[in-house]
Amino acid sequence: MNFTEHTILIVDDEKNTRDGLRLSLEDEFDVYVAANIAEAEEVLKNESVDVMLTDLRLGGENGMDLITRTLARAKAPVCILMTAYGSVDVAVEAMKKGAYDYVSKPLNIDELEIVIKRAIRSRKVEEEIVALKAQVTERYGLENIIGRSAAMQPIFETVRQVAPTRATVLIEGESGTGKELVGRAIHHLSGRPRAKLVTVHCAALSEQLLESELFGHERGAFTGALERRIGRFEEADGGTLFLDEIGEIDLNTQVKLLRAIGERTIERLGSNKPLKVDVRVVAATNKDLSEMVREGTFRDDLFFRLNVVSLMMPPLRQRKEDIILLVDAFLREFTEENGKPPMELTTEAMQALYDYDWPGNVRELRTVIEHGVVMSNTAKIGVRHLPPFLKDDSLLNFRQTAKGQISAAAPPAAAANIFSDGDLNLGKMEEKMIRLALERTADNRTEAARLLGISRRTMQRKLKEMGLIDE
Ligand SMILES: Nc1ncnc2c1ncn2[C@@H]1O[C@H](COP(=O)(O)OP(=O)(O)OP(=O)(O)O)[C@@H](O)[C@H]1O
Ligand SMILES: [Mg+2]
Numbered sequence: 191m192n193f194t195e196h197t198i199l200i201v202d203d204e205k206n207t208r209d210g211l212r213l214s215l216e217d218e219f220d221v222y223v224a225a226n227i228a229e230a231e232e233v234l235k236n237e238s239v240d241v242m243l244t245d246l247r248l249g250g251e252n253g254m255d256l257i258t259r260t261l262a263r264a265k266a267p268v269c270i271l272m273t274a275y276g277s278v279d280v281a282v283e284a285m286k287k288g289a290y291d292y293v294s295k296p297l298n299i300d301e302l303e304i305v306i307k308r309a310i311r312s313r314k315v316e317e318e319i320v321a322l323k324a325q326v327t328e329r330y331g332l333e334n335i336i337g338r339s340a341a342m343q344p345i346f347e348t349v350r351q352v353a354p355t356r357a358t359v360l361i362e363g364e365s366g367t368g369k370e371l372v373g374r375a376i377h378h379l380s381g382r383p384r385a386k387l388v389t390v391h392c393a394a395l396s397e398q399l400l401e402s403e404l405f406g407h408e409r410g411a412f413t414g415a416l417e418r419r420i421g422r423f424e425e426a427d428g429g430t431l432f433l434d435e436i437g438e439i440d441l442n443t444q445v446k447l448l449r450a451i452g453e454r455t456i457e458r459l460g461s462n463k464p465l466k467v468d469v470r471v472v473a474a475t476n477k478d479l480s481e482m483v484r485e486g487t488f489r490d491d492l493f494f495r496l497n498v499v500s501l502m503m504p505p506l507r508q509r510k511e512d513i514i515l516l517v518d519a520f521l522r523e524f525t526e527e528n529g530k531p532p533m534e535l536t537t538e539a540m541q542a543l544y545d546y547d548w549p550g551n552v553r554e555l556r557t558v559i560e561h562g563v564v565m566s567n568t569a570k571i572g573v574r575h576l577p578p579f580l581k582d583d584s585l586l587n588f589r590q591t592a593k594g595q596i597s598a599a600a601p602p603a604a605a606a607n608i609f610s611d612g613d614l615n616l617g618k619m620e621e622k623m624i625r626l627a628l629e630r631t632a633d634n635r636t637e638a639a640r641l642l643g644i645s646r647r648t649m650q651r652k653l654k655e656m657g658l659i660d661e
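Residue numbers for the sequence shown follow the numbering used here, so the first one is 191 and each next one is one higher.
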């Protein structure tokens with residue numbers, strides 16, 4: 191086992207002891223020192239410390255307090271107490287509180303090294319157990335991705351094939367098609383049980399925040415950077431970084447990302463010290479990245495880097511045969527969650543699900559089933575228990591006709607249902623359709639444009655004409 195990559199924190203109020211210990215240990219370990227509790231906590235906050243070695247007496251402070259507080263942290267290091275010769279009872283108390291071991295002063299360095307190495311090994315085993323447990327309980331493997339349709343087969347195959355490799359994977363697909371689910375499966379099948387999965391939602395952050403989120407920053411790197419912060423790349427070292435909504439990142443950050451992936455090095459903001467990171471990147475987007483490359487809003491070199499292996503998640507309307515399996519799973523999930531007996535859908539309700547074209551894909555189906563489970567008081571879920579947009583198939587018929595050619599078969603009654611005579615003006619009708627599409631997609635313009643069968647640019651233009659946007 192190579193110990194140099196393991197981090198030790200030495201806490202002692204005596205400078206001589208700190209310096210002495212640092213000198214004797216720094217060949218073998220990555221050593222940090224602190225003179226008091228505040229300094230120790232600063233290090234613990236910013237570094238991933240494997241072993242903390244603290245003196246019992248820290249000036250006016252108590253090393254035992256530090257141990258108790260440290261062990262309460264989410265990622266606590268193994269704690270070892272240094273005590274004066276003879277104070278075994280204190281040491282025993284420390285161990286009762288969760289300290290791993292104790293050493294008596296004056297210190298014997300060889301002995302100390304053995305104790306530290308033993309502590310590191312035990313921590314490794316502990317971490318492995320935690321990771322394995324998490325794997326079992328989370329079960330983020332392929333069995334969580336429901337679908338037997340032909341459209342899903344290439345997804346399963348590719349995931350199995352690429353998961354154990356280091357290849358960068360790009361997952362494309364409409365909203366709600368299961369991109370994140372697949373990203374997790376890739377990570378969990380990677381065959382590295384201890385590896386971490388770190389997710390960054392790129393759309394949620396402004397340019398500067400995203401950069402500091404990804405790469406970290408040094409204290410004072412920008413206004414508001416009050417302390418040093420480890421970025422997600424560093425956090426995911428040895429594991430997987432899932433970059434969600436990668437199509438949202440700005441061109442500047444794209445350059446840095448390209449370098450991080452290509453050269454496997456990053457720099458924290460405000461630092462020019464390159465740090466090696468070993469991270470497997472999985473990216474997801476509901477945008478058409480190749481289109482963005484053509485438009486010049488996404489760098490082609492980054493696109494090619496990310497696109498080593500790509501997965502195109504099929505929309506639900508192209509795999510309607512999976513609806514029945516998905517419904518089954520969601521019924522089970524939500525009856526359990528709501529403490530209800532097993533439920534099923536009536537034939538008509540099931541038909542309504544098949545007739546609908548699911549712009550929000552599996553996520554939307556899941557919500558619809560939850561709605562049904564909550565609304566029905568019997569074991570059956572009927573059409574009337576489903577959200578209104580599924581009941582009103584006149585809307586659906588009308589939309590389908592409007593998208594395609596106006597045919598003689600178009601049921602005139604359908605149109606009459608939504609539009610009064612005064613509205614039978616093409617411009618007004620168009621406006622109504624656009625509002626309807628926006629309502630359906632919770633104001634997602636891209637989705638709404640897709641529903642209407644027009645390009646996003648046309649959509650923008652029409653919204654502008656309607657005075658709904660001004661950019
Ligand atoms: N094949 C599937 N089997 C079971 N559940 C699924 C499947 N696909 C998606 N889901 C469920 O649908 C919801 C949305 O999935 P997910 O978050 O992975 O979609 P997404 O493609 O990342 O969407 P977005 O682009 O909006 O972020 C989640 O609750 C997920 O568990
Ligand atoms: Mg997602």
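For glycine and all other residues, C-beta sits at the position ideal for the given N, C-alpha and C.
Please read all numbers here as calculations on a predicted model, not as lab measurements.
Exercise for the section: Would you check if the distance between the CB atom of Leu641 and the CB atom of Pro549 is smaller than 7 Å? Expected result: Your numbering for residue 641 matches position 451 in the sequence shown. Your numbering for residue 549 matches position 359 in the sequence shown. Yes; because the gap between Cβ atoms is below 7 Å, this pair is in contact.
Exercise for the section: Decide if Ala385 is buried, meaning its Cβ has at least 16 other Cβ atoms within 10 Å, or exposed. Expected result: Taking the first residue of the sequence shown as 1, we reach residue 385 at position 195. Buried, since its Cβ has 16 or more Cβ neighbours within 10 Å.
Exercise for the section: Determine the burial state of Phe219: buried for a count of at least 16 other Cβ atoms within 10 Å of its Cβ, exposed for fewer. Expected result: As a first step, residue 219 is located in the sequence shown; it is residue number 29 there, counting from the start. Buried, since its Cβ has 16 or more Cβ neighbours within 10 Å.
Handout entry: Rounded Cβ spacing between Phe423 and Val467 (contact assumed at less than 8 Å)
Key = What you label residue 423 is simply residue 233 of the sequence shown in a count that begins at 1. What you label residue 467 is simply residue 277 of the sequence shown in a count that begins at 1. Confirmed, Cβ separation roughly 5 Å.
Practice task
Taking Ile345 as the reference, give the member of Thr355, Ile361 and Pro354 with the closest Cα.
Solution key: In the sequence shown, residue 345 corresponds to position 155, counting from 1. The candidate whose alpha carbon is nearest that of Ile345 is Ile361.
Exercise for the section: Tell whether a beta-carbon distance below 7 Å holds between Ala224 and Val241. Expected result: In the sequence shown, counting from the first residue as 1, residue 224 sits at position 34. In the sequence shown, counting from the first residue as 1, residue 241 sits at position 51. Contact: no.
Practice task
Can you have a look at Val320 and say buried or exposed, based on whether 16 or more other CB atoms are within 10 angstroms of its CB?
Solution key: Numbered from its first residue, the sequence shown carries residue 320 at position 130. Exposure of Val320 is indicated by the presence of fewer than 16 other C-beta atoms within 10 angstroms of its C-beta.
Exercise for the section: For the segment 483-510, list the beta strand (DSSP E) runs that are entirely contained and at least 3 residues long, ordered along the chain. Expected result: Fully enclosed beta strand (DSSP E) runs of 3 or longer: 499-502.
Handout entry: Exposure of Phe520, with buried meaning 16 or more beta-carbon neighbours within 10 Å
Key = Your numbering for residue 520 matches position 330 in the sequence shown. Buried.
Practice task
Could you say which of His575, Asn476 and Asp203 lies nearest to Gly249 if we only look at CA atoms?
Solution key: Your numbering for residue 249 matches position 59 in the sequence shown. Residue nearest to Gly249 within the set His575, Asn476 and Asp203 is Asp203 (criterion: CA-CA distance).
Exercise for the section: Return the CA-CA distance between Glu347 and Ser380, expressed in angstroms with no decimal places. Expected result: Here residue 347 refers to the residue found at position 157 of the sequence shown. Here residue 380 refers to the residue found at position 190 of the sequence shown. Between Glu347 and Ser380, the C-alpha separation is close to 14 Å.
Practice task
Quick one: residues in its chain with C-beta nearer than 6 Å to the C-beta of Arg553, no 5 flanking neighbours on either side, listed in chain order?
Solution key: To locate residue 553, count along the sequence shown from 1; it is residue 363. Residues Gly366 of the same chain have their beta carbon placed closer than 6 Å to that of Arg553, with the five preceding and five following residues left out of the count.
Exercise for the section: Report the three-state DSSP secondary structure of Tyr544 (helix, strand or coil). Expected result: Locating residue 544 in the sequence shown gives position 354, where the first residue counts as 1. Helix.
Handout entry: Cβ-based neighbour list, Gln508, same chain, cut-off 6 Å, excluding 5 preceding and 5 following
Key = Numbered from 1 along the sequence shown, position 318 holds the residue referred to as residue 508. Counting only residues of its own chain and dropping the five nearest sequence neighbours on each side, Gln508 has a CB closer than 6 Å to the CB of Ala341.
Exercise for the section: Name the two residues that bound the continuous alpha helix (DSSP H) containing Glu362. Expected result: On the sequence shown, position 172 is the one that residue 362 refers to. For Glu362, no alpha helix (DSSP H) run applies; the uninterrupted beta strand (DSSP E) run containing it begins and ends at Val359 to Glu362, by DSSP.
Handout entry: DSSP beta-bridge partners of Ser294
Key = Start at 1 with the first residue of the sequence shown, and residue 294 comes out as number 104. For Ser294, which the question treats as bridged, DSSP gives the partners Thr273.
Exercise for the section: Give a single yes or no on whether Asp434 has its beta carbon closer than 6 Å to a heavy atom of ligand 2. Expected result: Counting from 1 along the sequence shown, the entry for residue 434 is found at position 244. Yes, the beta carbon of Asp434 sits closer than 6 Å to at least one heavy atom of ligand 2.
Practice task
With hydrogens ignored, establish whether the beta-carbon of Gly331 is closer than 6 Å to any heavy atom of ligand 1.
Solution key: Position 141 of the sequence shown holds residue 331. Incorrect: Gly331 has no Cβ contact closer than 6 Å to ligand 1.
Problem - Own chain residues within Cβ distance below 6 Å of Glu438, not counting five before or after - result: Indexing the sequence shown from 1 puts residue 438 at position 248. Result list for Glu438: Cys392 and Ala393, in chain order.
Practice task
Mark Lys205 as exposed unless 16 or more other C-beta atoms lie within 10 angstroms of its C-beta, in which case mark it buried.
Solution key: The sequence position of residue 205 within the sequence shown is 15, counting from 1. Looking at its Cβ environment, which holds fewer than 16 other Cβ atoms inside 10 Å, Lys205 is exposed.
Handout entry: Alpha-carbon spacing of Leu371 relative to Asn476, whole angstroms
Key = Counted from its first residue, the sequence shown places residue 371 at position 181. Counted from its first residue, the sequence shown places residue 476 at position 286. Rounded to the nearest whole angstrom, the CA to CA distance from Leu371 to Asn476 is 14 Å.
Handout entry: Touch test, the segment 256-272 against the segment 281-291, Cβ-Cβ under 8 Å, three pairs minimum
Key = Flag = yes, the segment 256-272 and the segment 281-291 touch.
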